[in-house]
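Let me begin by presenting the structure, written as structure tokens, before commenting on it.
Residue numbers (my numbering): 4 to 138.
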């Protein structure tokens, strides 16, 4: 049995998919410039700590955006909550940098335990942020 897809469903899917990828790219660009080290350069050099910490931030951003896509009223709503997800991730990094002053130096030095702490806080903040967005 063939499933007929409504034209609007396909357009909405494509629109949300393209926008979510755009927001992910924009978040990545902002986050990489916000941190005091060059994640991409460190990752290219084989720095696992930089890859782990960036992965946590990406998950911490993507989880709330995924929830927003499922519950958003329109594209403006999605954009506003994607901005909030970005702000939360920047806040988490700022707080951990302040509280755990060694995190930045440790990630640059390739120390994975510090990167795991940052990734964990980023991911958990994203999960909690996503839950708050379901209002």
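Using N, Cα and C, we set each Cβ at its ideal position, and we do this for glycine too.
(message) Do residue 81 and residue 29 count as a contact pair if the criterion is CB distance below 8 Å?
(response) no
(request) Take every Cβ of the stretch 79 to 93, pair it with every Cβ of the stretch 25 to 43, and state whether three or more of those distances are shorter than 8 Å. (result) yes
(request) Pull up the distance between the alpha-carbon of residue 48 and that of residue 132, whole angstroms please. (result) 32 Å
(request) Assign residue 44 to one of two classes, buried (16 or more other C-beta atoms within 10 Å of its C-beta) or exposed (fewer than that). (result) exposed
(message) Between the alpha carbons of residue 9 and residue 109, how many angstroms are there, rounded?
(response) A direct Cα-Cα distance of roughly 52 Å separates residue 9 from residue 109.
(message) If I measure Cβ to Cβ from residue 98 and keep anything under 6 Å in the same chain, skipping five residues before and after, which residues do I get?
(response) Taking residue 98 as the centre and dropping the five residues before and after it, the same chain places no C-beta closer than 6 Å to its C-beta.
(request) Only counting runs of 4 or more residues, tell me where the alpha helix (DSSP H) segments fall wholly within the stretch 63 to 102, in order along the chain. (result) 78 to 102
(request) Look at the alpha carbon of residue 55 and the alpha carbon of residue 75, and state the distance between them as a whole number of angstroms. (result) 30 Å
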